[in-house]
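Residue numbers (the numbering used here): 1223 to 1579.
Note sheet for the following structure.
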Ligand code: KG4
Ligand code: ZN
């Protein structure tokens, strides 16, 4: 077996953050630098892929230099390098991949292509002691999935979204309500001042006999209620935000409850071992969703684990850590970036949808 590297440089560039981190096999995060493009994309109300790629190209060397300076290390102190190899916006993924390969070739060190979703999936183990297997609710801007995580590279998907992801629903609804980008934090702030029972909104797929999600109908319902209430300038935006956040939290809770039963059946644990539910991805930073799922977990006898916010939203420490979890086995330098890269390639698609992974 290949020798396990001790100090990993990670690169993340799959969406709107250019990030570099240096992480030790002992879980020390020596540096975790992020150059956010949010201000640029906010002007367009969402991520513009071409603009994102140009900014990654402009920032990537600086961010790596910043990480080395923060860690007080030289490039010769790095044992191996990992970069997000997909899924994500292909321009950014290609820039991170080429940069990592160039450093690996020049320094003659191993290169790891990391699945961005695996970065999120394994992130709780960087911050905490979380044994395999665990149930994962992965909620990011592009994905909403329930999976059993049995080990690095070992995933069983129980459910995925049939249309929009939860983060996407937050972002699209915030845009409709005039709350800006990114939508999740803006809606959470507005919701804190609103009444979650004020506006009736649907709970798509609640009670259905599977673990899938659907959020596009919720977005349409919100748009309709907003226009009935007179549009973004006069409608009670805080109440709408609170009602939407509650509806998303309820959908996540209902689907997760169902997945908990399936997980317990598939991975029976001795009585004194509580199963673990992990929430990861940007939406896991939402305090109301955390509280809702904490209640669900408590009732079902699960321990809830949510990584700190800095490891929930996109970052390179989780990419470095996912590569360290692999215990060796680097990738060849001819690895081709993958815009789509499912964690569980054998999962059957949700009814009515064939492509979204
Ligand atoms: O994981 P992430 O940083 O990037 C992707 O891989 O997509 O997730 C970004 C998503 C965005 O949709 C953003 O609106 C959402 O996470 N998000 C939140 C919060 N913070 C970020 N959603 C709800 N509440 C938050 N506090
Ligand atoms: Zn992400």
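Note that the Cβ used here is the ideal one computed from N, Cα and C, for glycine as well.
Residue 1448 is not a Cβ neighbour of residue 1427, given a cutoff of 8 angstroms.
For residue 1378, the beta-bridge partners assigned by DSSP are 1370.
For residue 1231, the enclosing beta strand (DSSP E) stretches over residues 1229-1234. Sixteen is the threshold: since fewer than 16 other Cβ atoms of the shown chains lie within 10 Å of the Cβ of residue 1431, the residue is exposed.
Relative to the ligand ZN, residue 1345 has its C-beta separated by 7 angstroms or more from all heavy atoms. Note: residue 1253 is bridge-paired with 1244 in the DSSP secondary-structure output. Shown here for residue 1255: same chain residues with a beta carbon closer than 6 angstroms to its own, the five before and five after excluded, namely 1242, 1285, 1288 and 1289 in chain order.
By the criterion of a C-beta distance shorter than 8 angstroms, residue 1424 is surrounded in its chain by 1439, 1440, 1443 and 1469, once the five residues flanking it on both sides are discounted. Residue 1525 has 1498 as its beta-bridge partners, per DSSP. The segment 1499-1508 and the segment 1337-1356 touch, with three or more beta-carbon pairs separated by less than 8 angstroms. By the CB criterion at 8 angstroms, residue 1257 and residue 1240 fall inside the cutoff. A buried status is given to residue 1367, since no fewer than 16 other beta-carbon atoms sit within 10 Å of its beta-carbon. Scanning its chain for C-beta atoms nearer than 6 angstroms, with the 5 sequence neighbours on each side dropped, one finds around residue 1279 the residues 1317, in chain order. The DSSP assignment places complete alpha helix (DSSP H) segments of no fewer than 4 residues inside the segment 1302-1335 at 1312-1329, in order along the chain.
By the C-beta density criterion, residue 1573 is exposed, having fewer than 16 other C-beta atoms within 10 angstroms. Taking 8 angstroms as the cut-off, the Cβ atoms of residue 1324 and residue 1332 do not count as close. Collapsing the DSSP output to three states places residue 1351 in coil. DSSP places residue 1383 within a strand segment (E or B) once states are collapsed to three.
Put simply, the backbone Cα of residue 1494 is about 18 angstroms away from that of residue 1483. Minimum Cα-Cα distance from residue 1270 among the listed residues 1297, 1478, 1392 and 1403 corresponds to 1403. DSSP places residue 1505 outside any beta strand (DSSP E), giving it a letter other than H or E. Relative to the ligand KG4, the beta carbon of residue 1505 is positioned inside 7 angstroms of a heavy atom. Counting C-beta pairs with one atom in each stretch, the segment 1537-1551 and the segment 1291-1298 have fewer than three that are closer than 8 angstroms, which means they do not touch.
Annotation for residue 1336: 1232, 1304, 1305, 1306, 1307, 1541, 1544 and 1545 place their beta carbon closer than 8 angstroms to its own, counting only its chain and skipping 5 residues before and after.
The continuous beta strand (DSSP E) containing residue 1359 extends over residues 1356-1361.
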